[in-house]
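The letter at position 237 of the sequence shown is residue 239 when you use the numbering used here, and the numbering goes up by one with no holes. Only one structure is covered here, and it is reproduced in the block below.
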Amino acid sequence: MLSLTSLRCFMAAAETMNFSRAAREMYISQQALSHHISKLEENLGVKLFSRSNPMALTDAGHVLYKYSRTILQDLDNCNREINDIKDFRYGTLNIGIPVTRGTLMLPPLLSAFHRNFPHVQLNLLEGDTPKLLSSLDTADIDLFIGWLPENDPKYRFIPLYTESFAILIPNHFLDCIELPDNISDDVPLPITQFSKIPFIVQSTHTMNGQVFLSLCQEYDMHPEIILTTTNLLTQIALCMEGMGACVVPMSFILQKAFVSKNTLLFNPAAMKNHTIYIIDTHSIVNKSVIGICRKKNHTLTRAGKEFVSIAKALFSESF
Numbered sequence: 003m004l005s006l007t008s009l010r011c012f013m014a015a016a017e018t019m020n021f022s023r024a025a026r027e028m029y030i031s032q033q034a035l036s037h038h039i040s041k042l043e044e045n046l047g048v049k050l051f052s053r054s055n056p057m058a059l060t061d062a063g064h065v066l067y068k069y070s071r072t073i074l075q076d077l078d079n080c081n082r083e084i085n086d087i088k089d090f091r092y093g094t095l096n097i098g099i100p101v102t103r104g105t106l107m108l109p110p111l112l113s114a115f116h117r118n119f120p121h122v123q124l125n126l127l128e129g130d131t132p133k134l135l136s137s138l139d140t141a142d143i144d145l146f147i148g149w150l151p152e153n154d155p156k157y158r159f160i161p162l163y164t165e166s167f168a169i170l171i172p173n174h175f176l177d178c179i180e181l182p183d184n185i186s187d188d189v190p191l192p193i194t195q196f197s198k199i200p201f202i203v204q205s206t207h208t209m210n211g212q213v214f215l216s217l218c219q220e221y222d223m224h225p226e227i228i229l230t231t232t233n234l235l236t237q238i239a240l241c242m243e244g245m246g247a248c249v250v251p252m253s254f255i256l257q258k259a260f261v262s263k264n265t266l267l268f269n270p271a272a273m274k275n276h277t278i279y280i281i282d283t284h285s286i287v288n289k290s291v292i293g294i295c296r297k298k299n300h301t302l303t304r305a306g307k308e309f310v311s312i313a314k315a316l317f318s319e320s321f
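So this is what it looks like as structure tokens:
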């Protein structure tokens, strides 16, 4: 007979490969956890762990791990659906979002959701996109907000808006560029127009860094890069200090469309010393969609569906 408690103990041990750490995560003693795993092995008639150094799963352990994940996830989905039927206005919703984009999107979104569903507990996980998609796979979060991931049949993606990009240039670099006469502010320009300006860029493991790299490769441009950072806010701050130009998502520049003046990222006084040009990104449009991603086989509660509806209404109208 397989008990759910024993399966949870086994999963904790299998994922940590450390009985002491697994016991702490389960809030039980190591002796109790070892007892549950021993009972599992006795009932199944096989060894689940090789107690070597380092510890490892046996072949039987790998099989049990595969099916235990499905069993426990199905049970979690069952509980969520039943609780949802009782009253969807209560419960928990786990949201994942990259840190910098969270500073832009979360203030209006979470406040609007909380006004409508004050008794739903919101848990927030911030990090980089690969980490958050991994958390989506393990059901540690219900929804991921960010860039469209690579085509993957296990995800369902709900688009919110298509991001465009602009180049933010300190005015003392304007003499380095030659633009067509009477150019309109809303005409996208190829990034090669700015090839003589030094850049501050994000690293290529970020989506903004990938966008900049793709644009440079598309036009065979080899820019002068004076500094690389992982943080968009650092990139913007250094640009505002006049160190170099940077390519920035337009949603951060147009943030006043849906963010209060108290949370603006750009200092209006400093902006007088900078010029913004829209960048032509038609060749990388597949990298430019912002939306909400969820795992198809993970039950989305009615509260989660309401969250998606509020996000669609809020951001679709703002862009």
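We treat Cβ as the ideally placed atom computed from N, Cα and C, and that holds for glycine.
When the Cα atoms are used, I294 and L95 turn out to be separated by approximately 14 Å. Secondary structure note for N45: its alpha helix (DSSP H) is the uninterrupted segment 32-46. With a contact defined as Cβ atoms closer than 8 Å, V291 and F167 miss out at about 13 Å. Counting along the chain, Q204 sits inside the beta strand (DSSP E) bounded by residues 201-204. Within the region 74-159, the complete alpha helix (DSSP H) runs of at least 4 residues fall at 101-118, 131-139.
T283 carries a coil assignment under DSSP once its states are collapsed to helix, strand and coil.
DSSP lists L170 as the beta-bridge partner residues of C248.
Taking C-beta atoms as the reference points, L191 and L181 count as a pair closer than 9 Å. Comparing alpha-carbon positions, the option among T140, M223, M273, L135 lying closest to D76 turns out to be T140. For G148 and D130, the gap between their C-alpha atoms comes out near 10 Å. The Cβ neighbour count for G104, taken over all protein chains shown within 10 Å, is at least 16; the residue is labelled buried. Per DSSP, L234 is one residue of the alpha helix (DSSP H) stretching across 234-242.
T230 and E43 have their C-alpha atoms spaced approximately 52 Å apart. Excluding sequence positions up to five before and after F21, its CB lies within less than 7 Å of the CB of A15, Q32, L35, S36, all in the same chain and listed in chain order. With fewer than 16 other CB atoms across the displayed protein chains lying within 10 angstroms of its CB, Q123 is exposed. With respect to K297, K156 sits close: the two C-beta atoms are nearer than 9 Å. Distance from the CA of Y29 to the CA of C11, rounded to the nearest whole angstrom, comes to 10 Å. Residue pairing from DSSP places C295 in a beta bridge opposite F146, F159.
Here T18 carries a helix assignment [DSSP, helix/strand/coil]. In the three-state reduction of the DSSP assignment, S52 falls in the strand class, which pools E and B. When C-alpha distances from L126 are compared across A114, S113, I99, the shortest belongs to I99.
M273 has its alpha-carbon roughly 8 Å from the corresponding atom of M242. Here E152 is exposed. Its C-beta has fewer than 16 other C-beta atoms within 10 Å. By the CB criterion at 9 Å, I97 and I169 fall outside the cutoff. Inter-residue distance for I281 and Q212 is about 15 Å (C-alpha atoms, whole angstroms).
A check of alpha carbon separations from P200 across Y221, V189, G246 identifies G246 as the nearest. Sequence-distant Cβ neighbours of E220 in its own chain, meaning closer than 6 Å and more than five residues away, are S285.
Rounded to whole angstroms, the separation of the alpha carbons of Y67 and R53 is 17 Å.
According to the DSSP secondary-structure assignment, I227 is paired through a beta bridge with F201.
Spanning the alpha carbons of A313 and I160 requires a straight line of approximately 10 Å. Taking 9 Å as the cut-off, the beta carbon of I202 is found closer than this to the beta carbon of L240. Rounded to the nearest angstrom, the gap between the Cα atoms of S5 and L135 is 30 Å.
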